[in-house]
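From first to last, the protein sequence lines are chains A and B.
In this text, residue positions in the first sequence follow the working numbering: the first is 9, and each later residue adds one.
In this text, residue positions in the second sequence follow the working numbering: the first is 13, and each later residue adds one.
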Amino acid sequence: MKFLISIAFKNMFRNKLRTVVSILAIAFAVMVIVFTRGLIDGMIEDTYSLYIHYDTGHIKIIDQEYEQKEKLLSLNYTVNGLENKSLSEMESDLSDLDGIEMVVPRLKFGAAVSTEEELVQMLAWGVDGKKELKFTNIGRELSRGRMVESGKREVVMGTALLDKINKTVGEKVTMVYTTAFSSFQGATFEIVGEIKSNLPLLNEQVVFMPIDTARQLLYLNDESTELLLVTADRDQVNNYLPAVRNYLDQNGGERYLAQSWRSGNTFIQLLEVSEKIYNFIYLFLVLLSSIVVINTLVMIVKERTQEIGMMSALGLKSREILELFLLEGSAMAVIGSFLGALGGGLINYYLSGVGFDYSAAFEDIDVLMNPIIYPTFKIEHMIFAFVIGVVVTTLTAIIPARRAAKLEPTEALREI
Amino acid sequence: MSLIKLTGLEKIYQQGKIEVPALRGIDMEIESGEFTTIFGPSGSGKTTLLNMIGCLDKSTAGEIIFDGHSINDLDNKELAEVRRYNLGFVFQSYNLIPVLTAFENVEFAIRLIDKHSKKERKDKVMSLLEEVGLGDMAHRRPNELSGGQKQRVAIARALIKEPKLVLADEPTANLDSETSQEVLELMKEMNEELNTTFIFSTHDPQVMDYARRLIEIKDGKISKDQRRD
Ligand SMILES: Nc1ncnc2c1ncn2[C@@H]1O[C@H](COP(=O)(O)OP(=O)(O)OP(=O)(O)O)[C@@H](O)[C@H]1O
Ligand SMILES: [Mg+2]
Numbered sequence: 009m010k011f012l013i014s015i016a017f018k019n020m021f022r023n024k025l026r027t028v029v030s031i032l033a034i035a036f037a038v039m040v041i042v043f044t045r046g047l048i049d050g051m052i053e054d055t056y057s058l059y060i061h062y063d064t065g066h067i068k069i070i071d072q073e074y075e076q077k078e079k080l081l082s083l084n085y086t087v088n089g090l091e092n093k094s095l096s097e098m099e100s101d102l103s104d105l106d107g108i109e110m111v112v113p114r115l116k117f118g119a120a121v122s123t124e125e126e127l128v129q130m131l132a133w134g135v136d137g138k139k140e141l142k143f144t145n146i147g148r149e150l151s152r153g154r155m156v157e158s159g160k161r162e163v164v165m166g167t168a169l170l171d172k173i174n175k176t177v178g179e180k181v182t183m184v185y186t187t188a189f190s191s192f193q194g195a196t197f198e199i200v201g202e203i204k205s206n207l208p209l210l211n212e213q214v215v216f217m218p219i220d221t222a223r224q225l226l227y228l229n230d231e232s233t234e235l236l237l238v239t240a241d242r243d244q245v246n247n248y249l250p251a252v253r254n255y256l257d258q259n260g261g262e263r264y265l266a267q268s269w270r271s272g273n274t275f276i277q278l279l280e281v282s283e284k285i286y287n288f289i290y291l292f293l294v295l296l297s298s299i300v301v302i303n304t305l306v307m308i309v310k311e312r313t314q315e316i317g318m319m320s321a322l323g324l325k326s327r328e329i330l331e332l333f334l335l336e337g338s339a340m341a342v343i344g345s346f347l348g349a350l351g352g353g354l355i356n357y358y359l360s361g362v363g364f365d366y367s368a369a370f371e372d373i374d375v376l377m378n379p380i381i382y383p384t385f386k387i388e389h390m391i392f393a394f395v396i397g398v399v400v401t402t403l404t405a406i407i408p409a410r411r412a413a414k415l416e417p418t419e420a421l422r423e424i
Numbered sequence: 013m014s015l016i017k018l019t020g021l022e023k024i025y026q027q028g029k030i031e032v033p034a035l036r037g038i039d040m041e042i043e044s045g046e047f048t049t050i051f052g053p054s055g056s057g058k059t060t061l062l063n064m065i066g067c068l069d070k071s072t073a074g075e076i077i078f079d080g081h082s083i084n085d086l087d088n089k090e091l092a093e094v095r096r097y098n099l100g101f102v103f104q105s106y107n108l109i110p111v112l113t114a115f116e117n118v119e120f121a122i123r124l125i126d127k128h129s130k131k132e133r134k135d136k137v138m139s140l141l142e143e144v145g146l147g148d149m150a151h152r153r154p155n156e157l158s159g160g161q162k163q164r165v166a167i168a169r170a171l172i173k174e175p176k177l178v179l180a181d182e183p184t185a186n187l188d189s190e191t192s193q194e195v196l197e198l199m200k201e202m203n204e205e206l207n208t209t210f211i212f213s214t215h216d217p218q219v220m221d222y223a224r225r226l227i228e229i230k231d232g233k234i235s236k237d238q239r240r241d
């Protein structure tokens with residue numbers, strides 16, 4: 009067997025160009041797999057964190073009724089404490105639960121700024137500036153100024169929104185909004201920060217203000233539209249969720265809904281399904297490239313017919329002849345897959361730093377997704393692609409190798 | 013006991029619907045240590061006969077006894093075993109593996125048997141290569157050797173496992189007459205030294221002269237069988 013391996017290896021050099029083409033075909037397919045995996049993984053990872061930061065937290069607590077009316081930004085179904093507890097007490101109780109690291113309140117409502125041309129609609133988020141900085145990546149996206157601070161009448165918004173209302177950091181802006189009692193009112197704020205984000209939500213829609221300021225303006229007490237719980241490990245959410253639900257039930261909070269970030273998020277579910285579908289595409293891709301190897305082996309078997317006859321005369325059994333050709337095919341598979349995995353890994357390693365600009369493809373699609381994707385660099389992707397490359401190619405190489413093994417020695421020897 | 017005993021051996025090839033009789037009842041015995049040529053015109057059945065004796069193909073009728081055992085009922089795998097351990101082949105077109113050196117080509121045959129250590133193998137191969145006059149070319153590839161040298165490597169490859177029988181189908185057909193004679197000399201020398209049985213086919217009268225036994229076949233039948241000592 010050992011000497012069959014060595015012969016198979018040497019045989020690869022008989023027609024170098026053909027061998028190189030076969031190896032490159034596999035390398036290419038494997039590289040694409042590593043890259044695509046890294047890209048999708050990066051996309052999923054990015055999407056996860058965006059959703060978690062700007063939508064769901066790890067666990068989101070809202071009023072049951074609010075769920076349907078979320079889009080309307082209703083202020084009638086707020087989270088405002090429990091039977092005998094104020095919202096602040098509820099927050100501190102929740103953060104004392106096992107695995108809950110932080111409770112982030114948000115108070116969302118509609119607001120608008122009128123310019124000379126139009127009324128610019130926006131999404132006002134009353135937030136705890138310090139907690140937002142800690143929980144989200146907003147700090148990184150703040151291109152000028154600072155995040156809002158509690159007690160002050162100030163706002164932070166995205167570049168596109170500032171452009172629309174023709175303002176910059178340092179200037180004042182007057183916003184109109186509807187209070188909890190449905191009266192229409194206005195207030196003036198100082199713009200203290202600008203967010204430069206690829207995310208349309210942050211760039212064009214949201215305006216942050218301190219949550220206490222928002223409550224005061226809207227005539228709300230200790231209330232928020234939602235509470236986001238941050239846990240120790242987002243993948244362990246289902247272990248933390250029962251305690252949260254239990255706490256709510258025992259304190260008369262049956263009207264509240266506590267949801268894991270995974271549930272009800274169709275886009276994340278879609279991505280997870282697509283990840284599985286892609287596995288089939290990878291398989292198909294490798295199958296395609298292994299056709300090159302099959303073709304090479306078919307040619308090889310044809311060219312070496314005499315030699316096969318000789319080996320058979322020398323007493324090599326069909327099985328050993330099959331192995332010899334299979335080894336030659338899998339040697340190409342191993343080298344090609346190795347190079348491909350390495351190449352794909354390098355690409356991902358590079359792109360995980362600089363990012364991959366996807367924005368053109370997502371221009372008109374309204375999903376919470378970052379148009380610049382940072383593919384993840386993971387050794388496991390390289391191993392995965394390498395294994396697929398080797399296994400699939402070797403399996404398909406059985407077809408031509410069997411042809412060689414089935415040759416009758418006398419027929420093979422007669423061939424010129 | 014003779015090494016090979018053929019009785020009523022027949023081979024009919026099926027070419028579509030046409031039956032081509034290549035051998036029509038061959039009876040012959042070959043003793044151990046003989047140096048025999050099978051000659052005859054093209055298409056007379058020489059190759060077919062050697063293939064039968066060499067356990068490469070199965071006969072249509074008749075019996076082949078090799079070294080006391082009938083090989084008629086062996087399956088392909090068992091036939092391969094017989095070839096691997098007991099037979100050596102020399103081909104018209106050498107059939108060396110181009111990516112292996114002369115040394116490795118010879119070693120190939122003995123590695124299939126796998127009963128020697130690496131060192132033993134090396135010594136055996138080297139001494140045989142020296143014996144066939146290629147001691148200093150052991151590390152050349154086939155494309156760096158002349159036709160005669162290639163055939164010497166092939167003879168060494170056939171002999172390395174010390175087989176009972178070496179079969180050579182037209183071993184000199186690709187060589188000029190001088191080289192042919194050298195190759196035949198070598199085969200004869202090996203036959204005498206190692207007492208290996210040789211059967212080779214040819215239609216070259218000059219080559220036939222080397223044989224100690226001449227078997228002529230015509231139309232799939234033995235037409236002449238003479239010994240010369
Ligand atoms: N595979 C085959 N199918 C059909 N007919 C065959 C086959 N092999 C040989 N024959 C026929 O059998 C006969 C004997 O062929 P064989 O090759 O044994 O002759 P040969 O004596 O070796 O001839 P040559 O000197 O040309 O090599 C010929 O008529 C040939 O056409
Ligand atoms: Mg012939």
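Cβ coordinates follow ideal geometry from the N, Cα and C atoms, glycine included.
Please read all numbers here as calculations on a predicted model, not as lab measurements.
Between the segment 309-343 of chain A and chain D, which residues of the former have a C-beta closer than 8 Å to a C-beta of the latter?
The chain labelled as chain D is not found among the protein chains of the depicted structure, namely A and B.
Residues from the segment 21-42 of chain A in contact with chain B, defined by Cβ distance under 9 Å
Result list: 21 and 22.
Is there a Cβ from chain A that is less than 8 Å from the Cβ of residue 159/B?
No, residue 159/B lies away from the interface with chain A (no Cβ there is under 8 Å from its Cβ).
Close Cβ partners of residue 103/A (< 7 Å) along its chain, the five nearest in sequence each way excluded
Excluding residues within five positions, the ones whose Cβ falls inside 7 Å are 110 and 111.
Tell me the start and end of each unbroken alpha helix (DSSP H) in the segment 268-340 of chain A that is at least 4 residues and wholly inside, in chain order.
Runs found: 274-311 and 313-321.
Candidates 193/A, 186/A, 216/A and 293/A: closest to residue 83/A by CA position:
Restricting attention to 193/A, 186/A, 216/A and 293/A, the CA atom closest to the CA of residue 83/A is found in 186/A.
Name the residue from 149/A, 33/A and 315/A whose alpha carbon lies nearest to the alpha carbon of residue 167/A.
Comparing C-alpha distances from residue 167/A to each of 149/A, 33/A and 315/A shows the shortest one belongs to 149/A.
So with Cβ pairs under 8 Å, would you call residue 111/B a contact of chain A?
It does: the Cβ of residue 111/B has a partner Cβ on chain A nearer than 8 Å.
Contact criterion: CB-CB distance below 8 Å. Does residue 164/B meet it with respect to chain A?
Any Cβ of chain A closer than 8 Å to the Cβ of residue 164/B would place that residue at the interface, and such an atom is absent.
Can you tell me the Cβ-Cβ gap for residue 226/B and residue 49/B, rounded? I've got them flagged as a contact below 8 Å.
With 8 Å as the limit, residue 226/B and residue 49/B qualify as a contact, their Cβ atoms being about 6 Å apart.
For residue 16/A and residue 339/A, which I take to be in contact (beta-carbon distance under 8 Å), what is that distance rounded to the nearest angstrom?
Yes, residue 16/A and residue 339/A are in contact; Cβ-Cβ is about 6 Å, under 8 Å.
Check whether the Cβ of residue 105/B lies closer than 8 Å to any Cβ atom in chain A.
Interface flag for residue 105/B against chain A is set, since a Cβ pair is found closer than 8 Å.
With distances taken Cα to Cα, identify the nearest neighbour of residue 39/B among 139/B, 160/B, 76/B and 27/B.
Answer by Cα proximity: 76/B.
Nearest to residue 235/A by alpha carbon, out of 298/A, 116/A, 334/A and 188/A?
Looking only at 298/A, 116/A, 334/A and 188/A, the smallest Cα-Cα distance to residue 235/A is reached by 116/A.
As a quick exercise: from 42/B, 168/B and 69/B, pick the residue whose alpha carbon is nearest that of residue 242/B.
There is simply no residue 242/B to check, as chain B begins at 13 and stops at 241 in what is shown.
In the DSSP output, which residue or residues are listed as bridge partners for residue 33/B?
DSSP lists 24/B as partners of residue 33/B.
Beta carbon of residue 89/A, beta carbon of residue 98/A: below 8 Å?
Yes, the pair counts as a contact, with Cβ atoms nearer than the cut-off.
I want to see whether chain A comes within less than 8 Å of residue 66/B, judged by CB atoms only; does it?
Yes, contact with chain A.
Just checking residue 32/B against ligand 1 - is the residue's beta carbon closer than 7 Å to any of the ligand's heavy atoms?
Yes, ligand 1 has a heavy atom inside 7 Å of this Cβ.
Go ahead and pull the three-state DSSP assignment for residue 264/A.
Strand at residue 264/A.
Nearest-angstrom Cα distance between residue 63/A and residue 50/A?
Those two C-alpha atoms are separated by around 19 Å.
Can you give the Cα-Cα distance for residue 204/A and residue 210/A, rounded to whole angstroms?
If I take the Cα positions, the gap works out to 8 Å.
With a floor of 4 residues, list each alpha helix (DSSP H) that falls wholly inside the segment 116-143 of chain B, ordered by position along the chain.
As far as the segment 116-143 of chain B is concerned, its whole alpha helix (DSSP H) runs of at least 4 residues are 130-143.
Extent of the continuous beta strand (DSSP E) to which residue 195/A belongs
First-last of the beta strand (DSSP E) with residue 195/A: 192-203.
Three-pair Cβ contact test at 8 Å for the segment 275-294 of chain A versus the segment 125-143 of chain A
Counting Cβ pairs under 8 Å, fewer than three are found: no touch.
Of all the options 336/A, 195/A and 70/A, which has the alpha carbon lying nearest to the alpha carbon of residue 121/A?
Nearest of 336/A, 195/A and 70/A to residue 121/A, Cα basis: 195/A.
Can you determine whether any heavy atom of ligand 2 sits closer than 7 Å to the C-beta of residue 58/B, and answer yes or no?
Yes, the Cβ of residue 58/B comes within 7 Å of a heavy atom of ligand 2.
If you measure between the beta carbons of residue 389/A and residue 42/A, is that distance less than 8 Å?
Yes. Within cutoff.
Along the chain, where does the beta strand (DSSP E) that runs through residue 113/A open and close?
For residue 113/A, the enclosing beta strand (DSSP E) begins and ends at 108-122.
7 Å Cβ cut-off: residues of chain A touching residue 156/B
In chain order: nothing, as chain A lies at least about 15 Å away.
Any heavy atom of ligand 1 inside 7 Å of the beta-carbon of residue 55/B?
The answer is yes for residue 55/B.
Give the range of the beta strand (DSSP E) segment to which residue 236/B is assigned.
233-239 is the extent of the beta strand (DSSP E) around residue 236/B.
Where do the N-terminal and C-terminal ends of the alpha helix (DSSP H) with residue 47/B fall, by residue?
Secondary structure note for residue 47/B: it is in no alpha helix (DSSP H), and the uninterrupted beta strand (DSSP E) holding it is 47-51.
Chain A residues whose Cβ lies nearer than 8 Å to that of residue 101/B
One finds 318, 321 and 322 in chain A with Cβ atoms closer than 8 Å to the Cβ of residue 101/B, taken in chain order.
Does residue 304/A get closer than 8 Å to chain B when you measure Cβ to Cβ?
The Cβ of residue 304/A sits no closer than 8 Å to any Cβ of chain B.
With residue 46/A as the anchor, note down where its beta strand (DSSP E) starts and where it stops.
From DSSP, residue 46/A is part of no beta strand (DSSP E) but of the alpha helix (DSSP H) over 24-59.
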